[in-house]
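Participant:
There are 2 protein chains.
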Amino acid sequence: MEGLRDRTRRAVRAELAGRALELFAERGFDETTVDDIARAAGMSKRSFFRYFPTKEDVVFGEIETMGEQVAQEIAARPPQEEPWQCLHAVLRGWESRISAQADAMRLIESTPALRTRLLQKRDEARTRIIQALADRGMPPLEADLAAAAAGAALDAVAREWLRTGGAVDRLTLVDRAFTMLRPAFLT
Amino acid sequence: MEGLRDRTRRAVRAELAGRALELFAERGFDETTVDDIARAAGMSKRSFFRYFPTKEDVVFGEIETMGEQVAQEIAARPPQEEPWQCLHAVLRGWESRISAQADAMRLIESTPALRTRLLQKRDEARTRIIQALADRGMPPLEADLAAAAAGAALDAVAREWLRTGGAVDRLTLVDRAFTMLRPAFLT
DNA sequence: CCAAATATGACACCGAGTGCCACAGATGGC
DNA sequence: GCCATCTGTGGCACTCGGTGTCATATTTGG
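As they're listed, the protein sequences go chains A and B.
Residues 1 to 187 in my numbering are what the first sequence lists, from first letter to last.
Residues 1001 to 1187 in my numbering are what the second sequence lists, from first letter to last.
(1) Count the other CB atoms within 10 Å of the CB of PRO1183 (chain B); is the residue buried (16 or more) or exposed (fewer)?
(2) Name the chain A residues whose beta carbon is nearer than 7 Å to that of ASP1144 (chain B)?
(3) Pair every Cβ in the region 1075–1093 of chain B with every Cβ in the region 1143–1155 of chain B, then say whether three or more of these pairs are closer than 8 Å.
(4) With three or more beta-carbon pairs closer than 8 Å as the criterion, would you say the region 1139–1146 of chain B touches the region 1161–1169 of chain B?
(5) Would you be able to state if there are at least three C-beta pairs under 8 Å between the region 1060–1075 of chain B and the region 1111–1123 of chain B?
(6) Can you give the Cα-Cα distance for ILE129 (chain A) and GLN69 (chain A), rounded to whole angstroms?
(7) Which value, in whole angstroms, describes the spacing of the CA atoms of ARG1092 (chain B) and GLU1073 (chain B)?
(8) Can you tell me where the alpha helix (DSSP H) with PHE1048 (chain B) in it begins and where it stops?
(9) Exposed or buried, what is LYS1055 (chain B) when buried is set at 16 or more other beta-carbons lying within 10 Å of its beta-carbon?
(10) Looking at ALA1038 (chain B) and PHE1048 (chain B), is the spacing between their C-beta atoms short of 7 Å?
(11) Taking only three categories from DSSP, how would you classify THR1164 (chain B)?
(12) Residues of the region 111–125 of chain A in Cβ contact with chain B at a cutoff of 7 Å, in chain order, please.
(13) Given that PHE1185 (chain B) touches chain A, what residues does it touch there, using C-beta distances under 7 Å?
(14) Below 7 Å between beta carbons: does that hold for LEU1023 (chain B) and THR1033 (chain B)?
(15) Given ILE108 (chain A), which residues of its chain have a CB within under 7 Å of its CB, disregarding the five upstream and five downstream residues?
(16) Output the residue ranges of the alpha helix (DSSP H) runs that lie fully inside the region 1077–1160 of chain B and measure 4 residues or longer, sorted by chain position.
(17) Have a look at ASP35 (chain A) and ASP1175 (chain B) and give me their C-alpha separation to the nearest angstrom.
(18) Alpha carbon to alpha carbon, what distance is there between THR111 (chain A) and ARG27 (chain A)?
(19) So, are the CB atoms of ALA1132 (chain B) and ALA1075 (chain B) less than 7 Å apart?
(20) Who are the Cβ neighbours of GLY67 (chain A) in its own chain at under 6 Å, not counting the five residues just before and after it?
(21) Count the other CB atoms, across all protein chains shown, that sit within 10 Å of the CB of ARG1010 (chain B); report buried if there are 16 or more and exposed otherwise.
(22) Counting only C-beta atoms, is LEU107 (chain A) closer than 7 Å to chain B at any point?
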């Protein structure tokens, strides 16, 4: 039973993330040092790095274990389900979780360093998705193409959403993107 | 006429890049400091940064202005050409330039920091490609999806190529990927 | 030959991130 | 209640990538 230990740790993480986002909103990401964040949360720079591996990671809360989770969700789907349908369904659910953090996404998209970090995380997630698809019996190249296409769809959705100033419904966009981008080799 | 000045500059850049790649091959990217590279080329760390903006960039030679060039090549294509065909043709030519630097690509794909940098460059290129497609009259979301899909195809090709140990012909792979991934909304 | 532009080195500096150590407090068995 | 242990923390020194500044060659062009 991991109770108190974990709970305080989560609380401190949340505190740090909160303070950080405040400072980022005020001064911008690059103009805020890790020491600023740590001091604002009443601790030392050294301790900050005991809660987050990098300064960027303080922005990506739950998004952190994205790859692993998505891969598991794919594995949990009915095995005979069509791959593109499967990706659509899983990432659709994921997108709804993202929409909840609209301001974080805006910060990410407008900060090069964070944008880069997001690309990294997506890339890592893609690797795991390929593996998950391969486990369903898809040939490597096809799995790779499908995963890349799905990632591309999400990415395009994120940008279109920003382009329209957040007016459109993200889920609708996801559906449209997945329909439009369905690869030719997937029936 | 910019002759000698530019030529010596290019020579120094080449010298730096050469030394850097040697050291990277010996000790690895992370284990080589900028100071090591600079000293190996007989100059100071400060001067290194007068030739390359970052340590990563020493690996990406011509790849540097990728985005700009690709956008121009797209603009130079016959206006009535089908977008997917257009992307295929342009990136096909680009891929052949990449194949020439197989060892650099291997280094990049096996070094997280360089892989990240490549993602960045591709992302920047994608932005310009979207613009180039939009200039041809494509709606933003479609241009975005097409550009993202094309990037995904290249990425998948790079990985499949590594997967097979460089055995397959890259251009053939590109053709296959573009055929397989052709988005449904593009005729 | 001289003045302006350019290249370079040295130095100080910043910020992210790490290793190390010493110290506090909580935990758990006796 | 006591002692051993484990965990969290701060502080410090350090590495490395990257930048600003200045003083000093070296080159270029008139």
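C-beta: ideal position from N, C-alpha, C; glycine also.
Facilitator: Looking at the atomic coordinates:
(1) buried
(2) ALA156, ARG159 and GLU160
(3) yes
(4) no
(5) yes
(6) 10 Å
(7) 12 Å
(8) 1045–1048
(9) buried
(10) yes
(11) coil
(12) THR116, LEU119, GLN120 and ASP123
(13) MET180
(14) no
(15) VAL59, LEU114, ARG115 and LEU118
(16) 1083–1099, 1102–1109 and 1112–1135
(17) 51 Å
(18) 12 Å
(19) yes
(20) GLU124, ALA125 and ARG128
(21) exposed
(22) no
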